[in-house]
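J.:
Protein chains in written order, with the working numbering: chain A, 1 to 111; chain B, 112 to 223.
Here it is in structure tokens:
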């Protein structure tokens, strides 16, 4: 049982390129989340989804796009990457009972 | 919206000592307070949580206390071990009731 997985684990890209980070969970959890983690800021919510085809903005959504066509997948797209989006990105999921389970993270570097 | 403050940002203790990390929250309607441990290169993992109808919860060497009146909650680790060294995050459920708001983290170092 894989639980929640993220791919790629590491990514280097250039300013202006489109990048998609993948998140997959095997629990059929309704809720999925994307956070970014930066030194001095902790974990900040980018977007979340309550169910397939339902998404909502978090604290720092600008520059990101999400979709949720299937319950188990929640991709995060940076349409035109900027250096300020260099960060570690974590996906999480929950059934709605509050406990969130996190993936291993994707370390993204934008040059 | 909800705001969570966490202190201290770094904490160094000797093996066997106790460690205490404190958090305050702003939204009196928050009712769920988890604590996560993050080891280097890994995602955060839940270690203990508490709901607003409970004042204290223990799990072996870890305990969490909640003071709803003062709007603060604390993580207590007793008999610390080197493997307790990690970054610890507190969180509170947001007004919307779906997304967690995290504190900025505490780096705990336990030296033997």
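We treat Cβ as the ideally placed atom computed from N, Cα and C, and that holds for glycine.
Give me, in chain order, the residues of the same chain whose beta-carbon lies closer than 6 Å to that of residue 7 of chain A; leave out the 5 immediate sequence neighbours on both sides.
T.: 22
J.: Express the C-alpha separation of residue 141 of chain B and residue 20 of chain A in angstroms, rounding to a whole number.
T.: 33 Å
J.: Check the DSSP bridge columns for residue 4 of chain A and list the partner residues they point to.
T.: A:25
J.: Leaving out five residues before and five after residue 38 of chain A in sequence, what residues of the same chain have Cβ atoms less than 7 Å from its Cβ?
T.: 87
J.: Does the Cβ of residue 170 of chain B have 16 or more other Cβ atoms within 10 Å, making it buried, or fewer, making it exposed?
T.: exposed
J.: Determine the closest residue to residue 98 of chain A out of A:89, A:33, A:65, with distance taken between C-alpha atoms.
T.: Of the candidates A:89, A:33, A:65, the one whose C-alpha sits nearest the C-alpha of residue 98 of chain A is A:33.
J.: Any beta-carbon of chain A closer than 8 Å to the one on residue 181 of chain B?
T.: no
J.: Counting along the chain, where does the beta strand (DSSP E) carrying residue 167 of chain B start and finish?
T.: Where residue 167 of chain B is concerned, the enclosing beta strand (DSSP E) starts and stops at 167 to 170.
J.: Along the region 147 to 180 of chain B, where does the CB come closer than 9 Å to a CB of chain A? Name the residues.
T.: Within the region 147 to 180 of chain B, the qualifying residues are 147, 149, 152, 153, 154, 155, 156, 157, 160, 162.
J.: So residue 108 of chain A and residue 85 of chain A are in contact, right, with Cβ under 8 Å, and what is the actual spacing, rounded?
T.: Residue 108 of chain A to residue 85 of chain A, Cβ: 7 Å. Contact.
J.: So what does DSSP say about residue 116 of chain B, is it helix, strand or coil?
T.: strand
J.: Along the region 180 to 213 of chain B, what residues have a CB closer than 7 Å to any CB found in chain A?
T.: 200, 204, 209, 210, 211, 213
J.: Work out the CA separation of residue 56 of chain A and residue 76 of chain A for me, nearest whole Å.
T.: 13 Å
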